[in-house]
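Novice:
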Amino acid sequence: MLNIHNLSVSFGGTYLFEEITFRLGAGDRVGLVGKNGAGKSTLLKILARDIAPDTGSIATEKEIRIGFLRQDIDFEHGRTVLEEAYQAFTEIKAVEKKLDQINHQLSTRTDYESESYSQLIEDLSDYTHRFELLDGYNYVGNTEKILLGLGFKREDFNNLTETFSGGWRMRIELAKLLLQNNDVLLLDEPTNHLDIESIIWLENFLKNYPGVVVIVSHDKMFLDNVTNRTIEISLGKAYDFNKPYTQYLTLRHEIREKQLATQKNQQKKIEETEKLIEKFRAKASKASMAQSLIKKLDKVERIEVDEDDNSVMSISFPVSKTPGKVVVEAESVTKKFGDKTILKDINLLVERGSKIAFVGQNGQGKSTFIKAIVNEFDYQGNIKLGHNVELGYFAQNQAEHLDGEITLLETMENAATDTNRSKVRDMLGAFLFRGDDVEKKVKVLSGGERNRLALCKLLLQPINVLIMDEPTNHLDIKSKNVLKAALQKFEGTLLIVSHDRDFLQGMSNIVYEFKDQKIKEYLGDINFFLEQRNAENMREFEKKEVAVVKEMPKVEKKTLSFEAQKAQKTLQNKLSKIESQIQQLEKQIQQDDLALASHYDKHVEDANFFTAYEQKKKDLDRLLEDWEQVQLELEKV
1 MLNIHNLSVS FGGTYLFEEI TFRLGAGDRV GLVGKNGAGK STLLKILARD
51 IAPDTGSIAT EKEIRIGFLR QDIDFEHGRT VLEEAYQAFT EIKAVEKKLD
101 QINHQLSTRT DYESESYSQL IEDLSDYTHR FELLDGYNYV GNTEKILLGL
151 GFKREDFNNL TETFSGGWRM RIELAKLLLQ NNDVLLLDEP TNHLDIESII
201 WLENFLKNYP GVVVIVSHDK MFLDNVTNRT IEISLGKAYD FNKPYTQYLT
251 LRHEIREKQL ATQKNQQKKI EETEKLIEKF RAKASKASMA QSLIKKLDKV
301 ERIEVDEDDN SVMSISFPVS KTPGKVVVEA ESVTKKFGDK TILKDINLLV
351 ERGSKIAFVG QNGQGKSTFI KAIVNEFDYQ GNIKLGHNVE LGYFAQNQAE
401 HLDGEITLLE TMENAATDTN RSKVRDMLGA FLFRGDDVEK KVKVLSGGER
451 NRLALCKLLL QPINVLIMDE PTNHLDIKSK NVLKAALQKF EGTLLIVSHD
501 RDFLQGMSNI VYEFKDQKIK EYLGDINFFL EQRNAENMRE FEKKEVAVVK
551 EMPKVEKKTL SFEAQKAQKT LQNKLSKIES QIQQLEKQIQ QDDLALASHY
601 DKHVEDANFF TAYEQKKKDL DRLLEDWEQV QLELEKV
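In terms of my numbering, the sequence shown is residues 1 to 637.
1) For Lys-237, which of helix, strand or coil comes out of DSSP?
2) According to the neighbour-count rule (16 or more other Cβ atoms, all chains shown, within 10 Å of its Cβ), is Tyr-112 buried or exposed?
3) Here's the rule I'm using: 16 or more other beta-carbon atoms within 10 Å means buried, otherwise exposed. How should Phe-11 be labelled?
4) Under 8 Å: do the stretch 145 to 156 and the stretch 33 to 50 share three or more Cβ pairs, one atom per stretch?
5) Assuming Ala-175 contacts Leu-194 (C-beta within less than 8 Å), just tell me the rounded distance between them.
6) Note the first and the last residue of the continuous beta strand (DSSP E) segment covering Arg-23.
7) For Phe-377, does the count of other Cβ atoms within 10 angstroms reach 16, so buried, or fall short, so exposed?
8) Smallest Cα separation from Gly-448: which of Ser-479, Ile-73, Ser-114, Glu-301?
9) Counting along the chain, where does the alpha helix (DSSP H) carrying His-401 start and finish?
10) If you follow the beta strand (DSSP E) that Gly-29 is part of, which residue opens it and which one closes it?
11) Buried or exposed for Val-95, going by 16 or more other Cβ atoms inside 10 Å?
12) Taking 7 Å as the threshold (C-beta atoms), are Asn-362 and Trp-168 in contact?
13) Could you tell me whether the Cβ of Ser-446 comes closer than 7 Å to any Cβ of chain D?
14) Quick one: give me the first and last residue of the alpha helix (DSSP H) that Glu-155 is part of.
15) The beta strand (DSSP E) that contains Val-214, what's its start and end?
16) Put Asp-338 into one of helix, strand or coil per three-state DSSP.
17) Got a sec? Which residues, its chain only, sit under 8 Å from Ser-638 by beta carbon, not counting five neighbours each side?
18) Compare the beta carbon distance of Thr-246 and Asp-224 with 7 Å and say whether it is the shorter of the two.
19) Let me know if Tyr-379 comes out buried or exposed under the rule of 16 or more other beta-carbons within 10 Å of its beta-carbon.
20) Taking 7 Å as the cut-off, decide whether the C-beta atoms of Lys-321 and Asn-388 are in contact.
21) Is the Cβ-Cβ distance between Lys-344 and Thr-334 less than 7 Å?
22) Relative to the C-alpha of Leu-171, which candidate in Leu-148, Leu-186, His-253, Glu-115 has its C-alpha closest?
23) Would you give the residue range spanned by the alpha helix (DSSP H) that Val-81 belongs to?
24) Roughly how many whole angstroms lie between the Cα atoms of Lys-557 and Gln-572?
25) Tyr-245 lies in the alpha helix (DSSP H); which residues open and close that run?
26) Can you look up Gln-505 in the DSSP assignment and give me helix, strand or coil?
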């Protein structure tokens, strides 16, 4: 589908990458990896034709459709979820608008015999045919199916997009891409701001995507679960292997070890040959042999070892002083935004040394609760910090608060105190900002580099309680590993919000799930939480299956007349039949729910599946009403 040949891009005389070549074909799910600033997002923009390379070419098949999920989503304010999703159908909407105009003219004009009126009828036929070819009559239904599959509820459809969090806006953008039936999907950090359940859904969808998928992501587990190929950009070169990320790392390490061994053997032979040349040069009778060896040596193709960029930031979080046993105590915390309640009567006690992860779907209040702890806004209830607590807070959008017009050095010096101002250059160096880098303006940094700077700035203040909201967004995999190791060694108290399963593994000993305005405690790490959530889901299904039978009240036995007994038996038979139908329908709906959760992509194009699914729900509602009516009649008897 795509042939990339000798592609080069440079900024300020320095190459991001130089003369890289590769081909992308149907079924390729490529993980595009590399350090922050290596050029990954730039390469995606070139593939999407947003920008042009300095040199090289991209050959594509005719009329190929490319969809690009960017890091920064910018929706037009004032559109509802449905209206924004409909932006996927540019041509359909244009034809639909033209049809409305023609129909309006046909209904208001009376010059039926005129040539222009006849032309309108012809145009109506042409546009109607075009509308049918574009599948225009189904786009509304298809949009609703995709949005429902991505977790939206019908009552969300008419809400404005600006009322949703970043993760939900990402899903709207993703819905648009899926509705366009693109041949190539370019996804720039698609898991940023997505909750764990959404990431698992996206993994399942992408595994069976028939076209080309190119993913820039720093989520190692996501890459391992989705990709079948890895392209790493490192020091201006591209390394391409048909392996998911972790297997690629192992293979590349093995290849590099072999290169080093082969290079060592070659170097040994070269040194031996050079010694012979020096020995033969001293004798006139051996001069011709020396010349022959020199020519042979000149023809030897020297083995080069792939360079590896192993530079990583150096980071540690020292504890400023020992706080009291209880560091945070929350009582009856409630937070509303307008009429919407996010948190209700939250109680939480955080003890010194705890390592706590906050998880849950987007919009369930994780970041809201953290902002309440750091007193960013008013709320109901009470949050009390313990004795000697010194908070260090890394916000989800921490990097956005940096002043883009000043340099990295000025950023650090402005935040420093008299005791640590002399150390800011060393601190920047530890975060890989060395030499002239410190004189760069913040606005030229990549997303990952900004996050590194924000982390560096955080260390200028005394800390014994760390609160971190999505600290890994935009950080490359090596930087994430360094940050994870530093947080695991941190001897203070840690409260962390993250959607990254790999990053959270081994990080916490308590998990709090935020759901339906409440929190639930799980005494274990993220793996324990995911196991428990899956078990809970199965129990919920089981509860639903028997719920109707359990809730049905028993009818007291009375001495009845023959006619009443006959009527009672008829009603009881009818009731039993309805109960049996209810149980069957609930089982079918449960199976459909499971099918949608695990294999949504197989059903997305199946209009009959969704029609049947909605009909089952309607039938269930009708049967429940019938059951209630029959029960009332039985009580009368």
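For each residue, glycine too, the CB sits at the ideal point set by N, CA and C.
These numbers were taken from a predicted model, which means no experiment stands behind them.
Specialist: Once the coordinates are examined:
1) strand
2) exposed
3) exposed
4) no
5) The Cβ separation is near 13 Å, so there is no contact.
6) 14 to 24
7) exposed
8) Ser-479
9) Looking at the DSSP string, His-401 is not in any alpha helix (DSSP H), and its letter there is neither H nor E.
10) For the sequence presented, residue 29 should be read as Arg rather than Gly. 29 to 33 is the span of the beta strand (DSSP E), which, as asked, contains Arg-29.
11) buried
12) yes
13) This model lacks chain D altogether, as it is built from one protein chain only.
14) Per DSSP, Glu-155 belongs to no alpha helix (DSSP H) and is neither H nor E.
15) 212 to 216
16) The amino acid occupying residue 338 in the given sequence is Gly; Asp does not appear at that position. DSSP places Gly-338 in coil when its eight states are reduced to three.
17) Lying outside 1 to 637, the shown extent of the chain, residue 638 is not represented and no answer is given.
18) yes
19) buried
20) yes
21) yes
22) The question names Leu, yet the displayed sequence has Arg at residue 171. Measuring from the Cα of Arg-171, the nearest candidate turns out to be Leu-148.
23) 81 to 85
24) Unreliable positioning characterises Lys-557 in this predicted model, as indicated by a pLDDT of 43, which lies under 50. The coordinate reading is nonetheless provided below. Taking the straight line from one Cα to the other gives about 13 Å.
25) 245 to 281
26) coil
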